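Trainee: Residue numbers (this note's numbering), protein chains in the order written: chain A, 1 to 180; chain B, 1001 to 1349. Note that CB positions come from ideal geometry on N, CA and C, so glycine has one too. Quantities reported herein were computed from a predicted structural model and do not represent experimental measurements.
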Amino acid sequence: MNIFCDECNKNIATVFLTKISGSEVSKVQLCEGCAKRMEETTEAANLLAFLPQILSGLQGMDEHLVDDVLSGELVTCDFCGTSFNDFQKMGFLGCSRCYEIFGEPLAKVIVEFQEAEEHVGKMPGKVSKGARLRKRLVELEKHLEHQIAEERYESAAAVRDQIKEIEGKLQVDGSEGEQE
Amino acid sequence: MSRSKSTADGAAWLKMKGPGYPLVLSSRARLARNLEGLPFPYSAGEEELERARGMVLEAVSRRVSSDRDWDIRFAEELPRDELTMMAEEHLISTSFGDRVEGRAVALSWKDGRSVTVNEEDHVRVHAILPGAQFMKVWKAADRIDSDIEGEVQYSFDQKLGYLTSCPGNVGTGLGVSAMLHLPALVTTGEIAKTISALGQAGVYVRGLHGEGSGVSGNLFQISNRQTLGRSEEFIVQNMDEIVRQVVDNERTARKMMLRESPLDLSDRVYRSLGIVERARRMGFSEALELISLVKLGVDMEIIPIDDFNILEVGVEIGAAHLKKSLKGEAEEDDIDSERAIHLRRMLDL
């Protein structure tokens, strides 16, 4: 039985790991030093791994920021000074405003990574009733699709009724002006 | 401020068996939030970090930590070893102590609830419980989140939801994870299929402390990748279903081992037990690998030793916990030797 480190083959292995890369799984044994050298990854690393692929998909998009981003031109947030380059390197944005400033390229990153465009779920207490109902509608429509795909027609019908009810409420609210 | 309560009682949730034991060891929920009008922590200056910390801690002490179990600590005032102990108990991330400026943590040690300030986001609310209790941990975190929100204004966008430092968390800001013990799937090699299926289902697979380098002790942490366009309930229920499937796979793999290679199974289990019984020093990940197989033997009634919780043992043999029990300065050799002694004691060998 081999007792040496898989990386350096010099020191005795004391760290035993199951390594996952993509869908490849392998057992590795390492010495303390080599194990430490194997970089720790943050949550952002998961996003970073996707970035190049997503950004290369931007080519041909008709937006001025896209050209700048692709050509490495410095696009910088006017509130916090974070550049799109920083984001590409670290995976972090600097502030809420970055979400606006980085426009279409960032929106594309989000859609590709999240496979969704719009938030559903919890909202701060201060958000208006109309906005809440509209969110609920998006959520239910998604749920309906899911139910139909799974061929659960009975519960799909129930969801459809809920959707109609909310659409009705929104129309009433809309004609009276948005209140809360 | 009071001394850490962890050292007195330890994290109580670690000692409990939850639904899905012994395959599902813990459930955890995390909500990521930021304060409106301030840059996110990684690009904030000292003064801005202080402001964020002041606002969050005030909200926490007004609305959340009214009961006595909460303990609020500034990161720069916490000794390194104590930070490591908190990380070993899964109460903060291992990287929390890497940068202490402006950071703080509010902890309810006993029941595994915590709020960290100025890590990747201004506010991160966590709740952790034994076994598969995803709905419960999310609700516990959600309650704290709503309480804090009563006092501060979060960055929120109508379309994108809660804005987070990493766009990978935008929307609900909700991460739900499960800690699973899957020795049979790893030993039989069936884990590869499971991991590839999880990847397709939008689930991350990581190790004990969410590290990227690999998995020790066949302890897998799985968590949702997507946070946008799905409601919190959906994310929670989805994790529950996925965990059920993975647990089924592990059960099947255990049956398969018993049926197809019982000698190989008992040989592996007894070899591991032999080393735990005889070794005089042991590194952390080696210890985890060994007790994982010993635990498999206990679960499958192959070896006649008392049941133990692998997560609890894993915490007890962490370097910071051992160092504390050694009292005073300890070299790595001392810790490794103490670990071997500790393991024998914990397993009653």
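Would a check of beta-carbon distances place Pro105(A) closer than 8 angstroms to chain B?
Mentor: No, Pro105(A) does not count as interfacial toward chain B.
Trainee: Less than 8 angstroms between CB atoms is the rule here; does Ile12(A) satisfy it with respect to chain B?
Mentor: It does not; no Cβ of chain B falls within 8 angstroms.
Trainee: Taking the DSSP output, what are the residues bridged to Tyr1021(B)?
Mentor: According to DSSP, which records beta bridges pairwise, Tyr1021(B) is partnered with nothing at all.
Trainee: Would you please verify whether the beta carbon of Leu17(A) is less than 8 angstroms from any beta carbon of chain B?
Mentor: Cβ-Cβ to chain B under 8 angstroms: yes for Leu17(A).
Trainee: Quick one: what's got a C-beta closer than 8 angstroms to Arg1063(B)'s C-beta in the same chain, skipping five residues either side?
Mentor: Taken in chain order, the residues that qualify are Asp1147, Ile1148, Gly1150, Glu1151.
Trainee: Could you tell me which residues DSSP puts in a beta bridge with Leu1174(B)?
Mentor: According to DSSP, Leu1174(B) bridges with Leu1031(B).
Trainee: Have a look at Leu1078(B), Leu1288(B), Glu1190(B) and flag the residue whose alpha-carbon is nearest the alpha-carbon of Lys1255(B).
Mentor: Out of Leu1078(B), Leu1288(B), Glu1190(B), Glu1190(B) has the C-alpha closest to the C-alpha of Lys1255(B).
Trainee: With Glu139(A) as the anchor, note down where its alpha helix (DSSP H) starts and where it stops.
Mentor: Where Glu139(A) is concerned, the enclosing alpha helix (DSSP H) stretches over 129-149.
Trainee: Counting C-beta neighbours from all protein chains within 10 Å, is the total for Ser1066(B) 16 or more, i.e. buried, or is it exposed?
Mentor: It counts as exposed.
Trainee: Using DSSP with H/G/I as helix, E/B as strand and the rest coil, what is Asn9(A)?
Mentor: Correct three-state label for Asn9(A): coil.
Trainee: In this structure, how does DSSP classify Asn2(A) when only helix, strand and coil are distinguished?
Mentor: Coil, per DSSP.
Trainee: Would Arg1030(B) pass as a contact of Arg1124(B) if the rule is Cβ separation under 8 angstroms?
Mentor: In contact: Arg1030(B) and Arg1124(B) (Cβ atoms closer than 8 angstroms).
Trainee: Apply the 10 Å Cβ neighbour rule to Tyr1154(B) and answer buried if 16 or more other Cβ atoms are within range, or exposed otherwise.
Mentor: Buried, because 16 or more other Cβ atoms sit within 10 Å of the Cβ of Tyr1154(B).
Trainee: Please confirm whether Pro1039(B) and Cys5(A) have their CB atoms less than 8 angstroms apart.
Mentor: Not closer than 8 angstroms, so no.
Trainee: Can you find a C-beta in chain A that's less than 8 angstroms from the C-beta of Asp1157(B)?
Mentor: Yes, Asp1157(B) lies at the interface with chain A (some Cβ there is under 8 angstroms from its Cβ).
Trainee: Would you report the Cα separation of Thr14(A) and Leu51(A), rounded to the nearest angstrom?
Mentor: Distance between the alpha carbons of Thr14(A) and Leu51(A): 35 angstroms.
Trainee: Does Phe1284(B) come out as helix, strand or coil in the three-state DSSP assignment?
Mentor: Three-state result, Phe1284(B): helix.
Trainee: Grouping DSSP H, G and I as helix and E and B as strand, with all else coil, what is Phe1156(B)?
Mentor: Residue state, collapsed to three classes: strand.
Trainee: Please report how far the alpha carbon of Leu70(A) lies from the alpha carbon of Asn9(A), in whole angstroms.
Mentor: Using only the alpha carbons, I get a separation of about 42 angstroms.
Trainee: Rounded to whole angstroms, what is the Cα-Cα separation between Ala1356(B) and Gly1020(B)?
Mentor: Residue 1356(B) is absent from the model: chain B starts at 1001 and stops at 1349.
Trainee: If you run the structure through DSSP and keep just helix, strand and coil, what is His1090(B)?
Mentor: His1090(B) falls in the coil class under three-state DSSP.
Trainee: Can at least three beta-carbon pairs, one atom from the segment 1067-1086 of chain B and one from the segment 1094-1113 of chain B, be found at a separation below 8 angstroms?
Mentor: Yes: at least three Cβ pairs fall under 8 angstroms.
Trainee: For Pro1041(B), name the three-state secondary structure that DSSP assigns.
Mentor: Helix, per DSSP.
Trainee: Go through its chain and collect everything with a Cβ distance to Asn11(A)'s Cβ below 6 angstroms, but skip five positions before and after it.
Mentor: Closer than 6 angstroms at Cβ, skipping near neighbours: Cys5, Cys31.
Trainee: Measuring only between beta-carbons, confirm whether Pro52(A) sits less than 8 angstroms from chain B.
Mentor: Answer no: the Cβ-Cβ gap between Pro52(A) and chain B never drops below 8 angstroms.
Trainee: Grab me the residues of Ala156(A)'s own chain with a C-beta within less than 7 angstroms of its C-beta, minus the 5 sequence neighbours each way, in chain order.
Mentor: Leu144, Gln147, Ile148.
Trainee: Alpha carbon to alpha carbon, how far is Asp1111(B) from Val138(A)? Give it in angstroms, no decimals.
Mentor: Taking the straight line from one Cα to the other gives about 35 angstroms.
Trainee: Does chain A have any CB closer than 8 angstroms to the CB of Thr1252(B)?
Mentor: Chain A contact via Cβ: absent.
Trainee: Using only the heavy atoms of the ligand MN, determine whether one of them is closer than 7 angstroms to the beta carbon of Leu1129(B).
Mentor: As presented, the structure is devoid of all ligands, the ligand MN included, so that no description of it is given.
Trainee: On the three-state DSSP scale, how would you describe Thr14(A)?
Mentor: DSSP places Thr14(A) in coil when its eight states are reduced to three.
Trainee: From Gly57(A) to Glu1036(B), what distance separates their C-alpha atoms?
Mentor: Taking the straight line from one Cα to the other gives about 32 angstroms.
Trainee: List the residues of chain A that Thr1084(B) touches, going by C-beta distances under 7 angstroms, in chain order.
Mentor: Per Cβ cutoff of 7 angstroms: no residues; Thr1084(B) is ~14 angstroms from chain A at best.
Trainee: Might you give, ordered along the chain, the residues of its own chain that have their beta carbon closer than 6 angstroms to the beta carbon of Phe1134(B), omitting 5 neighbours on each side?
Mentor: Answer for Phe1134(B): Ser1027, Val1176, Val1236, Met1239, Asp1240, listed in chain order.
Trainee: Between Gly168(A) and the rest of its own chain, which residues show a CB-CB distance below 6 angstroms, the 5 nearest in sequence each way excluded?
Mentor: Result list for Gly168(A): empty, nothing under 6 angstroms.
Trainee: Please check the pair Ala1032(B) and Thr1164(B), which I expect to be a contact at CB under 8 angstroms, by giving their CB distance rounded to whole angstroms.
Mentor: Correct: roughly 5 angstroms between the Cβ atoms.
Trainee: Can you grab the Cα-Cα spacing for the pair Glu1289(B) / Ala1184(B), in whole Å?
Mentor: When rounded, the distance between both Cα atoms is 12 angstroms.
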